[in-house]
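In my numbering, the protein residues as written are 10 to 475. Notes follow the structure.
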Ligand SMILES: Cc1ncc(COP(=O)(O)O)c(C=O)c1O
């Protein structure tokens with residue numbers, strides 16, 4: 010339910026240039042330059058298409074350092090849409106995580122979550138706490154018919170509380186449309202069960218709502234009793250169950266920013282003093298006022314089913330087209346990206362040689378499409394310096410909201426099929442430079458046996474230059 014009114018030129022560079030670019034980037038798609046990227050499907054973060062009204066919101070924003078009316082309009086939109094009375098901005102989602110872990114987590118604490126996100130885990134561990142993932146056993150099965158793989162297992166949560174004692178559980182974290190296991194939602198009934206356990210033990214329930222609208226859209230499609238509710242009502246219901254809500258505004262609100270919101274004034278007052286120390290004054294919190302202007306509009310627009318469902322429906326189409334030719338993908342389709350199961354796609358590449366990273370690099374060489382490694386490269390070493398293998402090795406092909414069309418997806422499907430036929434050419438990677446934290450952002454790797462060159466040769470022989 011949108012049309013294109015502004016466009017950006019993109020170009021596809023020749024395959025030898027793509028080989029040069031990925032080698033220069035250390036086989037890490039984060040380090041590619043956009044001039045070398047054809048379809049940028051790295052992420053859905055900060056790269057969604059904004060609406061005309063969001064641009065208008067930017068122009069109309071009040072730039073005052075303190076007391077900006079744009080902030081008060083934003084706070085009103087948050088209360089209308091999410092139902093929270095108290096809100097502060099932060100420059101992005103991880104800044105909200107920084108504040109929350111600084112205030113609520115201490116060394117030795119445990120933080121149970123339905124699944125970690127990379128930056129969340131880094132902040133939890135930097136606070137000296139432990140991130141515990143307590144999903145149902147089948148959440149990590151990439152091929153599945155479980156419609157709610159993002160659910161938290163209540164029995165395991167009870168055991169964690171028993172083991173650590175409730176004083177040591179800093180908070181319980183639920184993530185909407187769980188990113189690292191393939192954008193999988195939780196159900197409302199599961200969230201209610203977790204809420205009841207938190208109530209019983211007086212524990213805080215923190216909701217990462219970066220992708221709350223896709224989660225609500227999927228609840229509407231998949232959970233009994235929700236088919237006739239609006240996405241807006243489902244989002245409100247989800248939010249009513251959390252003590253503290255935070256989000257990366259780079260996703261659902263299609264801007265670049267973040268926020269923390271709550272109805273509990275005492276909790277809010279614990280966080281608020283730290284805002285000017287780490288982010289900025291109370292009425293901008295590290296964000297540009299213009300982004301807050303666009304976010305105010307984005308908050309109201311994001312619950313429109315045409316916005317909440319736009320990437321969900323494209324992902325369903327994309328995954329369906331790949332299933333037709335037997336490409337191993339995460340099912341059911343989620344709310345963030347199409348995820349290739351790299352261990353099944355490249356069965357000869359051992360996990361210690363990073364199959365998801367190899368597949369992301371190989372996809373770039375074969376298509377100019379930039380995807381993201383979500384496997385063991387995305388795991389940092391443990392406190393003893395040992396490598397930690399990921400539970401699953403996924404190559405994530407994200408669909409930023411309202412950016413790409415079905416024909417772009419068809420191009421991706423075509424090239425993925427070509428690559429699948431030539432998968433034996435692709436081998437593993439090894440690190441040549443490894444940063445100490447969030448290594449996936451800046452790490453550099455080398456292809457074993459120079460397989461990138463062999464893949465380029467195969468491509469030139471069959472497809473040609475482009
Ligand atoms: C679920 C989730 N939480 C938190 C973050 C961190 O947000 P940001 O990238 O805005 O710092 C992300 C980013 O992708 C995310 O997907």
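Note that CB positions come from ideal geometry on N, CA and C, so glycine has one too.
Check: What number of angstroms, rounded off, separates the C-alpha of residue 320 from the C-alpha of residue 71?; Outcome: 32 Å
Check: Would you call residue 311 buried or exposed, if buried means 16 or more other Cβ atoms sit within 10 Å of its Cβ?; Outcome: buried
Check: From the DSSP output, read off the bridge partner residues of residue 95.; Outcome: 271
Check: Taking the alpha-carbon positions, what's the residue 113 to residue 170 distance?; Outcome: 16 Å
Check: Short check: CB of residue 93 to CB of residue 248, under 8 Å?; Outcome: yes
Check: By DSSP's criteria, residue 253 is part of a beta bridge. Which residues make up the other side?; Outcome: 215, 271
Check: Using a Cβ-based criterion (distance less than 7 Å to any ligand heavy atom), does residue 220 qualify as near ligand 1?; Outcome: yes
Check: Looking at the secondary structure, which residues open and close the beta strand (DSSP E) in which residue 455 lies?; Outcome: 453 to 456
Check: For residue 226, count neighbouring Cβ atoms within 10 angstroms of its own Cβ and tell me buried if that reaches 16, exposed if not.; Outcome: buried
Check: By Cβ distance below 6 Å, which residues in the same chain neighbour residue 435 in space, the five residues on each side in sequence not counted?; Outcome: 355, 367, 371, 460
Check: Less than 8 Å separating the beta-carbons of residue 235 and residue 243?; Outcome: yes
Check: The alpha helix (DSSP H) spanning residue 422 covers which residue range?; Outcome: 415 to 430
Check: Using the beta-carbon count (16 or more within 10 Å), is residue 185 buried or exposed?; Outcome: buried
Check: Classify residue 86 as buried or exposed, calling it buried when 16 or more other Cβ atoms lie within 10 Å of its own Cβ.; Outcome: buried
Check: Helix, strand or coil, according to DSSP, for residue 63 in the structure here?; Outcome: helix
Check: Given the structure, does residue 47 come close to ligand 1, in the sense that its CB is under 7 Å from one of the ligand's heavy atoms?; Outcome: no
Check: Compute the minimum distance between the beta carbon of residue 184 and the heavy atoms of ligand 1, and state whether it is under 7 Å.; Outcome: yes
Check: In terms of residue numbering, what span does the alpha helix (DSSP H) encompassing residue 27 cover?; Outcome: 24 to 33
Check: Measure the alpha-carbon distance for residue 67 versus residue 346 and round it to whole angstroms.; Outcome: 28 Å
Check: Is the beta carbon of residue 391 within less than 7 Å of some heavy atom of ligand 1?; Outcome: no
Check: Sorted by chain position, which residues of the same chain lie with C-beta nearer than 8 Å to residue 77's C-beta, five sequence neighbours on each side aside?; Outcome: 70, 71, 292, 293, 298, 301
Check: Can you determine whether any heavy atom of ligand 1 sits closer than 7 Å to the C-beta of residue 102, and answer yes or no?; Outcome: yes
Check: Between residue 339 and the rest of its own chain, which residues show a CB-CB distance below 6 Å, the 5 nearest in sequence each way excluded?; Outcome: 151, 191, 348
Check: If you measure between the beta carbons of residue 447 and residue 127, is that distance less than 8 Å?; Outcome: yes
Check: Considering only the alpha carbon of each residue, which of 382, 410, 465 lies closest to residue 453?; Outcome: 382
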